[in-house]
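J.: Sharing a structure, written as structure tokens. Questions coming.
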Amino acid sequence: MISILSVEIPYWGQTTFRVLGGLAAVLLPAGALVYIYLFKLMSFVQSRLGPMEAGPAGSLQLLAEVGKAFQKEDIFPRKADKLVFAAAPFVVLMSTFLLILVVPFGPDAWFVNLDTGIFFALAVSSVSVIGILMAGWASASKYSLLGGLRAAGQLIAYELPLVLAVMGVVIQAGTLNMQEIVYAQAEGEIFGISGIGNPFIITQFIGFAIFLIAMQAELTQPPFDMPVAESELVSGYMTEYSGIRFLLFFIGEFATAGVFSMIASVLFLGGWWVPGLDPDSNLFNILGPAVLFGKVMLVTFLIFWFRFTYPRFREDQLQKLAWKVLIPLSLVNIVATGILKVVF
Amino acid sequence: MTTQIPDLSEQEQLRYISQQAADARVNVEIETEGMTLNLGPQHPATHGTLRIIAKLDGEQVVAAEPVMGYMHRGYEKLAEVRTYPQVTTLVNRIDWVGSFANETPFILAAEKLMEVEAPPRAQYIRTILHEMSRIANVILGIGDMGVQVGAVTPIFFAFRDREYVLNQIEAVTGGRFHPNFDRIGGLKDDLPAGWIQNTKNAMEKVRDFCDQIEELMYGNEIFQARTRGIGIIPKDVGLAYGLSGVNIRGSGVDWDVRRDNMSPGLVYDQVDWKVWTHPDGDSYSRMWVRLQEVREGTKIVDQLLDQIPSGPIMAKVPRIIKVPAGEAYVETENPLGVMGYYVVSKGDLNPYRVKIRSASFNNVSITPWLLKGVYVPDIITILGSLYFILGDIDR
Numbered sequence: 015m016i017s018i019l020s021v022e023i024p025y026w027g028q029t030t031f032r033v034l035g036g037l038a039a040v041l042l043p044a045g046a047l048v049y050i051y052l053f054k055l056m057s058f059v060q061s062r063l064g065p066m067e068a069g070p071a072g073s074l075q076l077l078a079e080v081g082k083a084f085q086k087e088d089i090f091p092r093k094a095d096k097l098v099f100a101a102a103p104f105v106v107l108m109s110t111f112l113l114i115l116v117v118p119f120g121p122d123a124w125f126v127n128l129d130t131g132i133f134f135a136l137a138v139s140s141v142s143v144i145g146i147l148m149a150g151w152a153s154a155s156k157y158s159l160l161g162g163l164r165a166a167g168q169l170i171a172y173e174l175p176l177v178l179a180v181m182g183v184v185i186q187a188g189t190l191n192m193q194e195i196v197y198a199q200a201e202g203e204i205f206g207i208s209g210i211g212n213p214f215i216i217t218q219f220i221g222f223a224i225f226l227i228a229m230q231a232e233l234t235q236p237p238f239d240m241p242v243a244e245s246e247l248v249s250g251y252m253t254e255y256s257g258i259r260f261l262l263f264f265i266g267e268f269a270t271a272g273v274f275s276m277i278a279s280v281l282f283l284g285g286w287w288v289p290g291l292d293p294d295s296n297l298f299n300i301l302g303p304a305v306l307f308g309k310v311m312l313v314t315f316l317i318f319w320f321r322f323t324y325p326r327f328r329e330d331q332l333q334k335l336a337w338k339v340l341i342p343l344s345l346v347n348i349v350a351t352g353i354l355k356v357v358f
Numbered sequence: 015m016t017t018q019i020p021d022l023s024e025q026e027q028l029r030y031i032s033q034q035a036a037d038a039r040v041n042v043e044i045e046t047e048g049m050t051l052n053l054g055p056q057h058p059a060t061h062g063t064l065r066i067i068a069k070l071d072g073e074q075v076v077a078a079e080p081v082m083g084y085m086h087r088g089y090e091k092l093a094e095v096r097t098y099p100q101v102t103t104l105v106n107r108i109d110w111v112g113s114f115a116n117e118t119p120f121i122l123a124a125e126k127l128m129e130v131e132a133p134p135r136a137q138y139i140r141t142i143l144h145e146m147s148r149i150a151n152v153i154l155g156i157g158d159m160g161v162q163v164g165a166v167t168p169i170f171f172a173f174r175d176r177e178y179v180l181n182q183i184e185a186v187t188g189g190r191f192h193p194n195f196d197r198i199g200g201l202k203d204d205l206p207a208g209w210i211q212n213t214k215n216a217m218e219k220v221r222d223f224c225d226q227i228e229e230l231m232y233g234n235e236i237f238q239a240r241t242r243g244i245g246i247i248p249k250d251v252g253l254a255y256g257l258s259g260v261n262i263r264g265s266g267v268d269w270d271v272r273r274d275n276m277s278p279g280l281v282y283d284q285v286d287w288k289v290w291t292h293p294d295g296d297s298y299s300r301m302w303v304r305l306q307e308v309r310e311g312t313k314i315v316d317q318l319l320d321q322i323p324s325g326p327i328m329a330k331v332p333r334i335i336k337v338p339a340g341e342a343y344v345e346t347e348n349p350l351g352v353m354g355y356y357v358v359s360k361g362d363l364n365p366y367r368v369k370i371r372s373a374s375f376n377n378v379s380i381t382p383w384l385l386k387g388v389y390v391p392d393i394i395t396i397l398g399s400l401y402f403i404l405g406d407i408d409r
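Residue numbers (this note's numbering), protein chains in the order written: chain A, 15 to 358; chain B, 15 to 409.
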């Protein structure tokens, strides 16, 4: 992000740019997702209009919701563990902001270019489990407790297929660095055909499918929304939250959806790169974020499409899906990828 | 362990050791304290104020007890101080999503006591409206089942297509929710112009909804995984608990009051229709029978619309209705099950006593038996598949 500017910027300036850029990179896609998909697409699917009053076609509805949440009382249950209760939403949100660090937006546009980028991303994505457990336990409510424990079980179970699905990509790219994974796709070739590079969605299609399913579960979106199952646990671990803290959970949910989709598009769809263009051209420093955003919208469309159409799994069923289907399948995928990598 | 193995034969020794090991295993296992979970009275799944006290072991239900009466409105007692025509206003608030069907059995009971019979046209329209309120009710139940298992979209489809039916009910009765249209000896008004064709169109829309929802929801693997084999009610248990309507037909009992015990004043015998049953008795079979019931309902309405006779819609009844002394019990097949009114008259303007047999009260009474041993998510599935309306439980 910083290196595109040729002038020297002092450290505090760089930090400010990074913080503002990080906020924008997390919050803008989240807002777009909530308005375009959660408000409008969902209404379209459900044959209703959705928000229409706030701004043109209800486009300012999200701001109105934020304003509403700010006005509301920040309620703490009497028996709640006040400190943990107050901190939990921030822990959940923190994992989202840590995730964005390693996402590349262009050849020279990134926050941190870690050599172990994807490893770091998968590691910090689990931090949200702690926040959810904190929220579930500190709320001193049985519904929250059930929701928190369900979430913990589910997130840990689906961490494995998520990691294993990424393994295929890592084997094929030969690196953990997110930026280099993009280059590997741009400069790669599919069994000798090099016209469009090698977006890993083609060669790693099983991995992509597994990653999508596991991501859906990590985000606790339907059909994997057992932790928040509103028809039985009211709102799961969020039941006792109100006002600004509930808003933080809400932002966390959709911002994480956006950031996870960014990682998915970097891993499988080529990130900021467009097939047919030279990845080293300076154009991508400007175009890259827009391209990435477009790909994010594609991936999140799938997430939200599943969300609107499927009923939810029961807890034991989703565990079975993780352990008996996804993990063996992803192991097979890794073995196949390894063999093909050696052969070709 | 310092326990001495007593001097025994080899075989007994082995048995003793294995027993000790088994005991040790039991002791080592983590003992979790049971948790009591209050589902309700305010809970999104009960769409009303039903409370279920569930004792949980982890996520498994050890015992469940429904607590009713949070919405008791005392209609049986109130009916004693209302004149007969006024009672319909009360009772169509019992099952509020299929209101007209609540009026029918009461009016039929009063007609039985007065020994009047509604003219044929009124009987036909009455049956049509009864069946349309069934469609309006059950469509909502099907959509709601989607919400209970976590799919948010079906209920919006249900609300959308239910509106066509409600519009037709409103066109003839003037009320979407509380028609208050049935009268002793006939009906309040005749049909408005063009109603028959519009209703046929609405029935077409309802059939489309059934096809759509069958594909979208019933065919969904997750929906089937969530409902098949969950909450199985065997035939004899269901009958012992007094279940009725779809809930007992979903267990394979071929019993429908419309066919088997039709009270005079309705014309179900004039049309060609079928009583659907399903042998499984689980949540899925109940919902499946409900879907077929809606389809069958649209067929009944279509046929009745074709053969509706002309003529008056009110029989000759006195202006001030005094029901002769006597007792009458009339039951009809309502959307939620069998609904009956036991009316005792002493020859006054008011009934002396009215006992309402509402379907949901009996249907929900099986929950302590049914919810034993299921998981928490299945509580909601089972409650959704039993499909009760809180007003129908508490009255």
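Idealized CB from N, CA, C, for every residue including glycine.
1. Just confirm the distance between the C-beta atoms of phenylalanine 134 (chain A) and leucine 306 (chain A), as a whole number of angstroms; I'd bet it's less than 8 Å.
2. Please look up how many angstroms separate the CB atoms of isoleucine 142 (chain B) and valine 315 (chain B), rounded, as I've assumed it's under 8 Å.
3. How would you call glutamate 125 (chain B), buried or exposed, if buried means at least 16 neighbouring beta carbons within 10 angstroms?
4. So leucine 70 (chain B) is in the beta strand (DSSP E); what residue range does that whole segment cover?
5. Distance, Cα to Cα, leucine 169 (chain A) vs glycine 188 (chain B)?
6. Glutamine 12 (chain B) versus chain A: which residues are under 7 Å apart at the beta carbon?
7. Tell me which residues of the segment 225 to 247 of chain B have at least one Cβ-Cβ distance to chain A shorter than 8 Å, keeping chain order.
8. Looking at chain B, which residues of the segment 96 to 115 of chain A have a Cβ within less than 9 Å of any of its Cβ atoms?
9. So, with DSSP's three-state summary, where would you put methionine 15 (chain A)?
10. In terms of alpha-carbon separation, which member of B:Arg333, B:Trp110, B:Thr50 lies closest to glutamate 79 (chain B)?
11. Can you find the residues in the same chain that come closer than 6 Å, C-beta to C-beta, to methionine 252 (chain A), ignoring five residues on each side of it along the sequence?
12. Can you find a C-beta in chain B that's less than 8 Å from the C-beta of phenylalanine 322 (chain A)?
13. Which same chain residues, not among the five before or five after alanine 77 (chain B), have their C-beta less than 6 Å away from its C-beta?
14. Could you run through the segment 158 to 175 of chain B and flag, in chain order, every residue whose CB is less than 8 Å away from some CB of chain A?
15. Less than 8 Å between the CB atoms is what I'm expecting for alanine 278 (chain A) and leucine 41 (chain A), so what's the real figure, rounded?
16. Checking 8 Å against the spacing of the C-beta atoms, do aspartate 175 (chain B) and isoleucine 156 (chain B) come in under that value?
17. Return no unless some Cβ of chain B is closer than 8 Å to the Cβ of isoleucine 341 (chain A).
18. With a threshold of 16 other CB atoms inside 10 Å of the CB of glycine 351 (chain B), please say whether the residue is buried or exposed.
19. Can you tell me which of B:Thr213, B:Gln162, B:Arg304 puts its alpha carbon nearest to the alpha carbon of serine 245 (chain A)?
20. For glycine 398 (chain B), I'd like the list of residues in its chain whose CB is within less than 6 Å of its CB, leaving aside the five on either flank, ordered along the chain.
21. Give me the residue from B:Gln317, B:Arg96, B:Gly62, B:Asp71 with the minimum Cα distance to threonine 213 (chain B).
22. Keeping to the same chain, check which residues put their C-beta closer than 7 Å to that of leucine 283 (chain A); ignore five residues upstream and five downstream.
23. Quick check on asparagine 347 (chain A): buried or exposed, where buried means 16 or more other Cβ atoms within 10 Å of its Cβ?
24. Of all the beta strand (DSSP E) runs that stay within the bounds of the segment 262 to 322 of chain A, which reach a length of 3 or more residues?
25. Could you check the C-alpha separation between alanine 200 (chain A) and isoleucine 300 (chain A) for me, to the nearest Å?
26. Go through its chain and collect everything with a Cβ distance to valine 390 (chain B)'s Cβ below 6 Å, but skip five positions before and after it.
27. Is it buried or exposed, arginine 29 (chain B), if we count other Cβ atoms within 10 angstroms and call 16 or more buried?
28. Can you grab the Cα-Cα spacing for the pair valine 368 (chain B) / valine 358 (chain B), in whole Å?
29. Could you tell me which of B:Thr167, B:Val271, B:Gly88, B:Asp109 sits nearest to glutamine 226 (chain B), measuring between CA atoms?
30. Sorted by chain position, which residues of the same chain lie with C-beta nearer than 7 Å to alanine 243 (chain A)'s C-beta, five sequence neighbours on each side aside?
31. Would you mind stating whether alanine 93 (chain B) and proline 365 (chain B) have Cβ atoms separated by less than 8 Å?
32. Taking only beta-carbon positions, decide if leucine 384 (chain B) is within less than 8 Å of chain A.
33. Between the Cα of alanine 78 (chain A) and the Cα atoms of A:Glu87, A:Ala68, A:Ile317, which residue gives the shortest distance?
T.: In short, the structure shows the following:
1. The Cβ separation is near 18 Å, so there is no contact.
2. 5 Å
3. buried
4. 65 to 71
5. 53 Å
6. Summary: the structure shown does not reach residue 12 (chain B), with chain B confined to residues 15 through 409, and so no result is reported for it.
7. In summary, the residues of the segment 225 to 247 of chain B whose CB is separated from some CB of chain A by less than 8 Å are Leu230, Met231, Asn234, Ile236, Phe237, Ala239, Arg240, in the order they occur in the chain.
8. Those would be none; no residue qualifies.
9. For methionine 15 (chain A), the pLDDT reaches just 45, beneath the cut-off of 50, and the residue's location in the model is therefore unreliable, although a value from the coordinates is still provided. Note: methionine 15 (chain A) maps to coil in three-state DSSP.
10. B:Thr50
11. Closer than 6 Å at Cβ, skipping near neighbours: Phe263.
12. Judged by the 8 Å Cβ criterion, phenylalanine 322 (chain A) is in contact with chain B.
13. Once the five neighbours on either side are set aside, the close Cβ partners of alanine 77 (chain B) are Lys69.
14. Within the segment 158 to 175 of chain B, the residues whose Cβ lies closer than 8 Å to some Cβ of chain A are Gly160, Val161, Gln162, Val163, Gly164, Ala165, Val166, Thr167, Phe170, Phe171, Arg174, listed in chain order.
15. Going by Cβ atoms, the distance from alanine 278 (chain A) to leucine 41 (chain A) rounds to 19 Å, so no, they are not a contact pair.
16. It is not a contact, given that the beta carbons lie outside the stated cut-off.
17. no
18. buried
19. B:Gln162
20. Met159, Gln162
21. Of the residues B:Gln317, B:Arg96, B:Gly62, B:Asp71, the one whose Cα lies closest to the Cα of threonine 213 (chain B) is B:Gln317.
22. A distance below 7 Å between beta-carbons, with the five flanking residues on each side excluded, links leucine 283 (chain A) to the following residues of its chain, in chain order: Pro213, Ile215, Lys309.
23. buried
24. none
25. Going from the Cα of alanine 200 (chain A) to the Cα of isoleucine 300 (chain A) covers about 17 Å.
26. Glu73
27. Exposed.
28. 6 Å
29. B:Thr167
30. Gly250, Arg326
31. yes
32. no
33. A:Ala68
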